[in-house]
C-alpha cells in the first residue's frame, strides 16, 4: 500500500463529504491521459478512487494552500496546483486537471453539442466552487 495516501474507504468519505462527490476525469502534467475517477472533497483533501466502492483511494490532492483555477490549457477543466507536496525528494509542486465525465455528442449535432458544453460548464463551475471553498478553509483563523 502507498504509505502517503490516507486509507479511507470511498463510502466513508461519501458519508461525510456533504454531497460534494461525483465522477470526473483526472490527468496530470506528466501523466496526461485522462482517467475516470470517483472524487470526493473532505477535510482539505480531494480524494479520488477507481470506483465509489473502493477501500482505498488511488490518490489524494492536498487542498491546503492549493491554487484552484478554471484551466486555460484544457477546455471545461479545473486546474489544481498543489502547494508543497513533501516527499523524500523535498518540496514538490504538482498540477492536476479534472474535467466532467460525459459521453461525446454525435458529430454534426450542433444542439446536442451545445447542450453538452453547457452541462460540462455547469459541472466545472460547481466543482470549482466546492474546491475553492475547501481550499479557502486553510486561511480561516481558528
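Numbering (full-length UniProt numbering), first residue to last: 1 to 142. Beta carbons are placed, not taken as given, at the ideal position from N, Cα and C, and that holds for glycine.
6 angstroms Cβ shell around residue i - same chain, five flanking residues per side excluded
{"i": "residue 27", "result": "34 and 97"}
{"i": "residue 95", "result": "29 and 81"}
{"i": "residue 132", "result": "68"}
{"i": "residue 7", "result": "56"}
{"i": "residue 111", "result": "none"}
Where residue i sits in the DSSP three-state scheme
{"i": "residue 133", "result": "helix"}
{"i": "residue 60", "result": "strand"}
{"i": "residue 101", "result": "coil"}
{"i": "residue 5", "result": "coil"}
{"i": "residue 110", "result": "helix"}
{"i": "residue 29", "result": "coil"}
{"i": "residue 73", "result": "coil"}
{"i": "residue 120", "result": "helix"}
{"i": "residue 53", "result": "coil"}
{"i": "residue 18", "result": "coil"}
{"i": "residue 40", "result": "strand"}
Contact set for residue i: own chain, Cβ-Cβ below 8 angstroms, skip 5 residues either direction
{"i": "residue 121", "result": "76"}
{"i": "residue 11", "result": "52 and 53"}
{"i": "residue 130", "result": "20 and 41"}
{"i": "residue 9", "result": "54, 55 and 56"}
{"i": "residue 60", "result": "5, 6, 45, 46, 47 and 48"}
{"i": "residue 73", "result": "79 and 97"}
Cβ-based burial, residue i [other Cβ within 10 Å; buried from 16]
{"i": "residue 57", "result": "buried"}
{"i": "residue 78", "result": "buried"}
{"i": "residue 13", "result": "buried"}
{"i": "residue 15", "result": "exposed"}
Anticipated Cβ contact below 8 angstroms, residue i with residue j, distance rounded
{"i": "residue 41", "j": "residue 124", "result": "Between residue 124 and residue 41 the Cβ distance is about 15 angstroms, and since that is not below 8 angstroms, they are no contact."}
{"i": "residue 135", "j": "residue 24", "result": "About 16 angstroms separates the two Cβ atoms, so there is no contact after all."}
Cβ-based neighbour list, residue i, same chain, cut-off 7 angstroms, excluding 5 preceding and 5 following
{"i": "residue 101", "result": "23, 24, 25 and 36"}
{"i": "residue 137", "result": "44"}
Touch test, the stretch 112-130 against the stretch 53-67, Cβ-Cβ under 8 angstroms, three pairs minimum: no
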